[in-house]
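J.:
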Amino acid sequence: MPITLEDIVFWSAVYSATAFGLMLFIIIVMHFLMPTSVLEKYFKPPHFREFECKLFTGIPYAPMRTIMFMTVLAFPSRGKKRKLTQAYLLVPKWYRVSSAIVLISTLSFGGYFLLVIFGFYAYSKLVAGS
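Letter by letter, the sequence shown follows residues 4 to 133 in my numbering.
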């Protein structure tokens, strides 16, 4: 049985969606591993508004807070606006390196998934149009 383009697109979508889901699970794990010293020092005014502190404390927005802090911890220059450039000093090196790997992987797998889906959509329109 020959391998068709549809098979390749399907398995690429399955692979990338699975990998993206795994990365989201790892982000949830990183949420629970986040050092409390970072949250105690930086997750309050003047770095965040009072509304943001309340919003990003509960479900479903707490993982978004984790992603924001992971970004600042992995790439300290991203925290200039909120004056978080020194936050990386409060976490162990393994957390900073893990944050960088997880963020880059999540963006890569998510981007690849979108590329596959939109590519398949464009291809199906081309085939249907001819």
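Heads up, the beta-carbon is just placed ideally off N, CA and C, and yes, glycines get one too.
1) Where M26 and I6 are concerned, what is the direct C-alpha to C-alpha distance, given to the nearest angstrom?
2) For V41, does the count of other Cβ atoms within 10 angstroms reach 16, so buried, or fall short, so exposed?
3) Thinking Y136 and S19 are a contact (beta carbons under 8 Å), I'd like their distance in whole angstroms, please.
4) Are there 16 or more other CB atoms within 10 angstroms of the CB of S80, so buried, or fewer, so exposed?
5) Closest by CA to V75, which one among F13, I11, E55 and V100?
6) Taking DSSP as the reference, what is the three-state secondary structure of R85?
7) Going by the beta-carbon positions, is the gap between V105 and I31 smaller than 7 Å?
T.: In this structure, then:
1) As a working mapping, residue 26 is identified with position 23 in the sequence shown. As a working mapping, residue 6 is identified with position 3 in the sequence shown. Between the alpha carbons of M26 and I6 lies a distance of about 29 Å.
2) Here residue 41 corresponds to residue number 38 of the sequence shown, with the count starting at 1. It is buried - the Cβ of V41 has at least 16 other Cβ atoms within 10 Å.
3) The shown model of the chain, from 4 to 133, leaves out residue 136, and the question about it has no answer.
4) Numbered from its first residue, the sequence shown carries residue 80 at position 77. By the neighbour-count rule (16 or more Cβ atoms within 10 Å), S80 is not buried but exposed.
5) What you label residue 75 is simply residue 72 of the sequence shown in a count that begins at 1. When F13, I11, E55 and V100 are compared, the shortest CA-CA separation from V75 is found for V100.
6) Counting from 1 along the sequence shown, the entry for residue 85 is found at position 82. Of the three classes helix, strand and coil, the one that applies to R85 here is coil, per DSSP.
7) Start at 1 with the first residue of the sequence shown, and residue 105 comes out as number 102. Start at 1 with the first residue of the sequence shown, and residue 31 comes out as number 28. No, these two residues do not count as a Cβ contact at 7 Å.
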